[in-house]
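**Student:** In UniProt numbering, the protein residues as written are 1 to 313. Where is the CB? At the ideal position from N, CA and C, for every residue including glycine.
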């Protein structure tokens, strides 16, 4: 007799009432260490699988079995009596009751509508992205980025993409990634996936699977970006302050040059000697000659210079 693991059986035997309860336990266990939510749900996925002894192929088998034995013209009792040969009657009864619940039927209908709206189907099947990502991370020994997960879950077994739209997006991601100096494995709203596909919708993050939300998944990276922006702002503020000081010093030098030109012109009868003219900018000479009526002495030049320095200090 085949062992047929279904959600109803697991609940009846007390092996984990619901996914939410498992999530609460998982989060409560790691709450002090401020866990990454995607890692929490990756762990949760493993717990769920081991608790229910659930293999992804079982889900496909259940769907196939239900489609084969369900007939809308038959009553629930008639469907139960038509028990598959290799499945225990009690398990089949619980399974039929579960499938015929209004909540289950509404969920199935909703999932069908969602699948019909998908323009780019994924190839994960019944296995969650979080679980598959956890397995790949364990196999490779390194973190698998959401960019890599998107590519993996939109390819067929032969390596081709599920459709032309997926291929087009993959080519754009590859083009963007090839322009980066270093391949990044950090999940960020500004990574290749974020740039190509745009801003995430609230409540989910592409390539991270169940439970991941932008505010948590990108929290650390957003903080880094904010710090970078803050640093840039501080640098800009510092540059602005330095620029202001340089301008003050330049204005002081210009004023001293004009005063010097005026003094020389006064001593030379209103003209600047040819041998000295090349030492001063034309603008300074013209402005200095215009100020002949207020010609400063060498002592006044020194006092102006020291006065300007004192003001800056």
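Give the straight-line distance between the Cα atoms of residue 205 and residue 247, rounded to the nearest whole angstrom.
**Tutor:** 50 Å
**Student:** For residue 156, name the three-state secondary structure that DSSP assigns.
**Tutor:** coil
**Student:** Among all the DSSP beta bridges, which residues are the ones paired with residue 161?
**Tutor:** 155
**Student:** Tell me whether residue 229 sits in a helix, a strand or coil according to DSSP, three-state version.
**Tutor:** Residue confidence for residue 229 is low, a pLDDT of 48 falling below 50, so the modelled location carries little weight; the figure read from the coordinates is stated next. Of the three classes helix, strand and coil, the one that applies to residue 229 here is helix, per DSSP.
**Student:** Count the other CB atoms within 10 Å of the CB of residue 154; is the residue buried (16 or more) or exposed (fewer)?
**Tutor:** buried
**Student:** Measure the C-alpha to C-alpha separation of residue 107 and residue 67 and round it to an integer number of angstroms.
**Tutor:** Roughly 16 Å separates the two Cα atoms.
**Student:** Just curious, the alpha helix (DSSP H) that residue 194 is in, first and last residue?
**Tutor:** 192 to 197
**Student:** Suppose you measure from the CA of residue 164 to the CA of residue 179; what does that come to, to the nearest Å?
**Tutor:** 23 Å
**Student:** Should residue 151 be labelled buried (16 or more other beta-carbon atoms within 10 Å of its own) or exposed?
**Tutor:** By the neighbour-count rule (16 or more Cβ atoms within 10 Å), residue 151 is buried.
**Student:** Can you give me the C-alpha to C-alpha distance between residue 137 and residue 94, rounded to a whole angstrom?
**Tutor:** 36 Å
**Student:** Give a yes or no on whether the C-beta atoms belonging to residue 196 and residue 167 are separated by under 7 Å.
**Tutor:** no
**Student:** Under the rule that 16 or more other beta-carbon atoms within 10 Å means buried, what is residue 147, buried or exposed?
**Tutor:** buried
**Student:** Quick check on residue 96: buried or exposed, where buried means 16 or more other Cβ atoms within 10 Å of its Cβ?
**Tutor:** buried
**Student:** Tell me which residue opens and which closes the alpha helix (DSSP H) that residue 89 is part of.
**Tutor:** Run containing residue 89: 89 to 99, per the alpha helix (DSSP H) assignment.
**Student:** How many whole angstroms separate the CB atoms of residue 60 and residue 76, which I take to be in contact at a CB cut-off of 8 Å?
**Tutor:** 24 Å between Cβ atoms; not a contact.
**Student:** Would you mind stating whether residue 81 and residue 69 have Cβ atoms separated by less than 7 Å?
**Tutor:** no
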